[in-house]
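Novice: Be aware that the sequence shown starts at 1, since it is given in our numbering, and climbs by one per residue.
Glycine included, C-beta positions come from ideal geometry on N, C-alpha and C.
From a predicted model like this one, the values you see are computed outputs, not experimental measurements.
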Amino acid sequence: MGLQGWKTLARVDRALLMRPLMRLVDFVYPPGCVVCGIATGRHRGLCPKCWAGVRFIERPYCEVLGVPFSHDLGPGILSAEAIANPPPFDRLRSAAFHDEAIRNLVHGLKYRDRTDLAPMMAEWMLRAGDGVVEECDAILPVPLHRTRLVSRKFNQAAELGRHLARQSGKPLLPATLVRIKRTRQQVGLGAKAREDNVRGAFAVAKGRENEVTGKRLILVDDVYTTGATVAAATRALRKAGAADITVLTFARALSETI
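1. Suppose you measure from the CA of residue 141 to the CA of residue 237; what does that come to, to the nearest Å?
2. Under a Cβ-count criterion, where at least 16 other Cβ atoms within 10 Å of its own Cβ denotes burial, should residue 95 be classed as buried or exposed?
3. Kindly list the residues whose CB is nearer than 6 Å to the CB of residue 195, restricted to its own chain and excluding five residues on each side of it in sequence; keep chain order.
4. Rounded to a whole number of angstroms, what is the C-alpha to C-alpha distance between residue 71 and residue 200?
5. DSSP puts residue 249 in a beta bridge; with which residues?
6. State buried or exposed for residue 111, treating a residue as buried only when at least 16 other CB atoms are found within 10 Å of its CB.
7. What are the boundary residues of the beta strand (DSSP E) that residue 178 is part of?
8. On the criterion of 16 or more Cβ atoms from any shown chain inside 10 Å, does residue 187 qualify as buried, or is it exposed?
9. For the segment 68-82 and the segment 127-146, state whether three or more C-beta atom pairs, one from each stretch, are separated by less than 8 Å.
10. Could you tell me whether the Cβ atoms of residue 204 and residue 176 are closer together than 9 Å?
11. So is residue 89 buried or exposed if we call it buried at 16+ other beta carbons inside 10 Å?
12. Please name the residue, chosen from 254, 115, 164 and 197, that lies closest to residue 153 on a Cα-to-Cα basis.
13. What does a CB cutoff of less than 6 Å around residue 244 pick up in its chain, not counting 5 residues either side in sequence?
14. Are residue 246 and residue 67 close, meaning C-beta to C-beta below 9 Å?
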């Protein structure tokens with residue numbers, strides 16, 4: 001038997017050994033909907049009611065801002081916002097609207113330490129990337145300031161980026177982009193206040209410019225609201241010479257299609 005055959009056999013043996021343990025885990029912690037907790041057939045799944053409440057962002061959409069259109073207007077169509085106010089990044093992609101079910105997933109990861117949700121969320125993001133992740137050179141999370149990281153214990157964007165990198169096979173650069181300015185929480189601030197709050201907040205770490213210069217990058221965050229945070233982070237990457245930047249988020253605060 002060749003090496004590949006032995007590897008396959010080892011995987012089968014591990015799977016067989018894990019079955020009794022997984023049955024015990026299911027007995028102690030029955031599979032439940034990751035949003036509402038109602039019993040389901042598998043872990044990290046959604047019940048039919050919560051699944052029906054998820055609105056994925058699908059084509060047709062603006063090629064730059066990812067805003068969904070109500071009708072297909074043909075390839076390469078841009079929204080009025082993208083034409084009037086071009087963002088500093090090259091494109092934005094998000095997996096789903098920031099509705100109740102998706103908001104619960106985001107809050108579960110961000111505030112309730114539900115890191116077990118990150119693999120599923122990253123899988124949805126990879127699909128939403130529409131091929132850009134496969135073509136990138138590296139993945140970078142939007143960083144937290146070190147003082148906030150200590151209080152929060154982990155960075156939700158870094159957790160999503162870690163699983164996105166693992167699923168896509170692309171390098172993760174968790175220490176390349178840093179937050180050099182401690183900012184206020186963006187929640188509750190208006191668009192202009194958000195922009196002022198994060199202006200100059202990011203930089204590429206000294207000595208890591210070669211990880212950015214001329215590269216095609218994926219910038220990961222959990223939610224896109226006004227875009228102030230990712231715009232500020234993008235400008236820092238542009239300053240260091242990034243060639244192409246895609247912002248990829250799990251959720252997007254957008255009420256309707258246009």
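Specialist: The relevant details are as follows:
1. The residue given as residue 141 occupies position 141 in the sequence shown. The residue given as residue 237 occupies position 237 in the sequence shown. Their Cα atoms are separated by approximately 12 Å.
2. The sequence position of residue 95 within the sequence shown is 95, counting from 1. By the neighbour-count rule (16 or more Cβ atoms within 10 Å), residue 95 is buried.
3. Within the sequence shown, the letter at position 195 stands for residue 195. Here the set comprises 228.
4. Counted from its first residue, the sequence shown places residue 71 at position 71. Counted from its first residue, the sequence shown places residue 200 at position 200. Distance between the alpha carbons of residue 71 and residue 200: 38 Å.
5. What you label residue 249 is simply residue 249 of the sequence shown in a count that begins at 1. Per DSSP, 94 and 221.
6. In the sequence shown, the residue the question calls residue 111 occupies position 111. Residue 111 comes out exposed.
7. Residue 178 sits at position 178 when you count from the first residue of the sequence shown. Segment 177-179, the beta strand (DSSP E) holding residue 178.
8. By one-based count along the sequence shown, residue 187 stands at place 187. It counts as exposed.
9. no
10. As a first step, residue 204 must be located in the sequence shown, where it is residue number 204. As a first step, residue 176 must be located in the sequence shown, where it is residue number 176. Contact: yes.
11. By 1-based counting over the sequence shown, the position of residue 89 is 89. Buried, because 16 or more other Cβ atoms sit within 10 Å of the Cβ of residue 89.
12. Numbered from its first residue, the sequence shown carries residue 153 at position 153. It is 115.
13. Within the sequence shown, numbered from 1, the residue matching residue 244 stands at position 244. Excluding residues within five positions, the ones whose Cβ falls inside 6 Å are 90 and 216.
14. Translated into the one-based positions of the sequence shown, residue 246 becomes position 246. Translated into the one-based positions of the sequence shown, residue 67 becomes position 67. Contact: no.
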